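Let me begin by presenting the structure, written as structure tokens, before commenting on it.
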Amino acid sequence: MGATAELFAGSRDHAGGDERGDRAIMDGIVLSDASGRVVLINATAEALLGIKAFQALGKQMAALGGHSELQLALAIGIQGLVDDDQPHVQVVELHHSQRDLMFVRVATSIVLDHASHPSGHMAVIQDVTEVHKSDELKNRYLSIVAHELRTPLTGIKTFSTLMAKGRLGPLTDRQREVAESIREQSLRLEHQIDKLVNLGQIDKAEYGRDRETFPVADFAATLLGPFEQAARDRSIQLGMVVEVEGGLLLHADRTDLRRACQALVENAIKFTGEGGSVEVSIRRNADGSVRLGVRDTGIGIDSRYHRRIFEKFFQVEDPLTRHHGGAGLGLFVAQGIVRSHGSSIQVSSKLGAGADFSFTLPLAAPAAGGAGERPD
Amino acid sequence: MERTILIIEDEKLIIVSTQMVLEAAGFHVESATSGEEGIQKARSSAPDLILLDIMMPGIDGWETLNRLKRDTATAEIPVIIFTAREHSRGHQKSSEMGAAEYFRKPFEPDELIELVEKHVSQRG
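Written out as structure tokens, the structure is:
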């Protein structure tokens, strides 16, 4: 630890000042030992936290004093790490005395010693204000583009749906087929627009924020629409099994949950050959919670990739599957969404023997107005 | 007695297509292409429910909702927000501001009818 401390002590001369004024050029670092006490804090971290090294050393990282929003983030970071060896990342809004509104990214991770035992925590604190501002601009732009695309799409979807369902008058078989096809294309377009907007929000990692209570059955009903054409084209049987009593409710971010499920379905179809099948199931577990699963009869996933497939941009480097394309983001986003709901996507799969992706959510209590049947 | 829905939406295409869906389900439909016009019509025709878009020139949907809820003449009319934009915490915000539902476009026509039926009949 001595050599490391010297390395960071050297940074004291560089951090905190350059020709452009008070912009720090290094990341802030706070290191704690196995008992949670701070053993190292560099100049940038001092500046961002508003606390001097001599005040911080020896104190608990989770209770440092200094800038309270950041201090809270450090505590949350440590708590958020409980059973995960991925860094816990937060973006925190700070009201710093010397700057206007700042955005700071806090990545907390467990430090392992040479024998791979946990020996403390490290928090890396980065000023991401500029990036955040440009992200905000990008997202606002994407949101406007989405609106411009969704508006005519609403007309197409509404008119074609009305027509296909015979609400505008009787149709010949051929006319109905065409109307249904137009409707399906509109569902695919809708899905693509959602993916586009979603791409813009990837780095925010702010999933699951817009919660509502809704019936499980309603959620299931329109999940597969965008994929029916693709499945038919390759003779893949696409089905849904809902074994949950009508009226049972979920409390979740419905849009994000839909995105997560659709990412799983999209993957399942992508990696399943002609004549295979993909089944979405929604069932109750013994403890009353709801299990959402997507099972396919496709090429399967070797167990050594079972963790990595959820990493950003990761795609299995296998000559057999390489031509499948895509950006390698679907599972990353889906896992982020499911995690934000307090759960985690599990995968069960063997190479050559299909795959089963699933996650569990608790049921919501019915609203006071009695929206549904009681679970018992 | 025939139930009236007021659509406040600046895109004529959306008005036409949504009107078709609602009329097929037996509703009488009125429309306004701006927040200000919508508020006036809400006051004068006392609709049974309002479908309100967010992105509009002039005052936007949130401000329109605000004014509708502050005016005793229109405060009791259930409002369903329907929007093609992403809004962070859209559900929470619309429910805090007094809207009955927050609904995304494009939508399933049958789902729209279900929601409208649900809130129109709750008025008693």
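For the protein sequence lines, the chains are F and V, in the order given.
Counting from 1, one number per residue, gives the positions in the first sequence under this note's numbering.
Counting from 377, one number per residue, gives the positions in the second sequence under this note's numbering.
Virtual Cβ for every residue (Gly too), placed ideally from N, Cα, C.
Source: prediction; values computed, not measured.
Taking 8 Å as the cut-off, the Cβ atoms of Val242 (chain F) and Ala217 (chain F) count as close. Look at Pro226 (chain F) here: in three-state DSSP terms it is helix. In the DSSP assignment, Thr213 (chain F) forms a beta bridge with F:His251. Assignment of Ser235 (chain F) by DSSP, reduced to helix, strand and coil, places it in the coil class. Listed in chain order, the non-local C-beta contacts of Asp33 (chain F) below 6 Å within the same chain comprise Val39 and Gly120, local neighbours out to five positions each way being set aside. Listed in chain order, the positions of the segment 391-413 of chain V with a beta carbon within less than 8 Å of a beta carbon of chain F are Val392, Ser393, Thr394, Met396, Val397 and Ala400. Ser109 (chain F) is bridged by DSSP to F:Met122. Within chain V, no residue has its CB atom less than 9 Å from the CB of Glu93 (chain F), the nearest being about 13 Å off.
Listed by position along chain F, the residues whose Cβ is nearer than 8 Å to that of Arg443 (chain V) form an empty set, because the closest Cβ is around 22 Å away. The segment 350-363 of chain F makes no contact with the segment 380-391 of chain V: fewer than 3 CB pairs, one atom from each, lie closer than 8 Å. In its own chain, leaving out the 5 sequence neighbours on each side, no residue places its CB closer than 7 Å to the CB of Val392 (chain V). Between the segment 241-260 of chain F and the segment 174-182 of chain F, the count of C-beta pairs closer than 8 Å stays below three; the two stretches do not touch. Of the residues assessed, Thr108 (chain F) falls on the buried side of the cut-off, its CB having 16 or more other CB atoms within 10 angstroms.
The alpha-carbon of Met61 (chain F) is positioned some 17 Å away from that of Leu112 (chain F). Inclusion of Val294 (chain F) and Val280 (chain F) in the CB contact set at 8 Å is warranted, their separation being smaller than that value. Distance from Leu74 (chain F) to Val30 (chain F) at the Cβ level is roughly 7 Å; contact confirmed, criterion being Cβ atoms closer than 8 Å. Annotation: Leu427 (chain V) is outside any alpha helix (DSSP H); the continuous beta strand (DSSP E) that includes it extends over Leu425 to Leu428.
Per DSSP, the beta-bridge partners of Thr360 (chain F) are F:Arg291.
Looking at the DSSP output, Arg37 (chain F) shares a beta bridge with F:Gln60. By the beta-carbon neighbour count (other beta carbons within 10 angstroms, threshold 16), Ala353 (chain F) is exposed.
The alpha-carbon separation between Val91 (chain F) and Gly239 (chain F) amounts to approximately 39 Å. Residue state for Tyr478 (chain V) is assigned as strand, using DSSP reduced to three classes.
Annotation: Gln86 (chain F) is outside any beta strand (DSSP E) and is labelled neither H nor E by DSSP. Along the segment 389-422 of chain V, the alpha helix (DSSP H) occurs as fully enclosed runs of 4 or more residues at 411-421, listed in sequence order. Flagged as an interface residue toward chain V: Lys157 (chain F), by a C-beta distance shorter than 8 Å. For the C-beta of Leu153 (chain F), the chain V residues within less than 7 Å are, from N- to C-terminus, Pro482. Under the 8 Å criterion on CB atoms, Glu212 (chain F) is classed as interfacial with respect to chain V. Annotation: Cβ neighbours of Leu389 (chain V) in chain F (cutoff 8 Å, chain order): Thr151, Pro152, Thr154 and Gly155. Of F:Met102, F:Gly28, F:Leu199 and F:His67, the smallest CA-CA separation from Ala263 (chain F) is found for F:Leu199. Per DSSP, Thr380 (chain V) lies in no alpha helix (DSSP H); the unbroken beta strand (DSSP E) holding it starts and ends at Thr380 to Ile384. Chain V places a beta carbon closer than 8 Å to that of Glu190 (chain F), counting this residue as a contact. Secondary structure of Phe313 (chain F) (DSSP, three-state): coil. Across the segment 454-468 of chain V, CB contacts with chain F closer than 7 Å involve Ala460, Arg461, Glu462, Ser464, Arg465, Gly466, His467 and Gln468, in sequence order along the chain.
Distance from Leu444 (chain V) to Ala418 (chain V) at the Cβ level is roughly 6 Å; contact confirmed, criterion being Cβ atoms closer than 8 Å.
Taking 9 Å as the upper bound on Cβ-Cβ separation, chain V lies near residues Lys165, Arg167, Leu168 and Ser186 of the segment 164-186 of chain F. Scanning F:Val316, F:Glu46, F:Arg307 and F:Leu70 for the CA closest to the CA of Gln335 (chain F) turns up F:Arg307.
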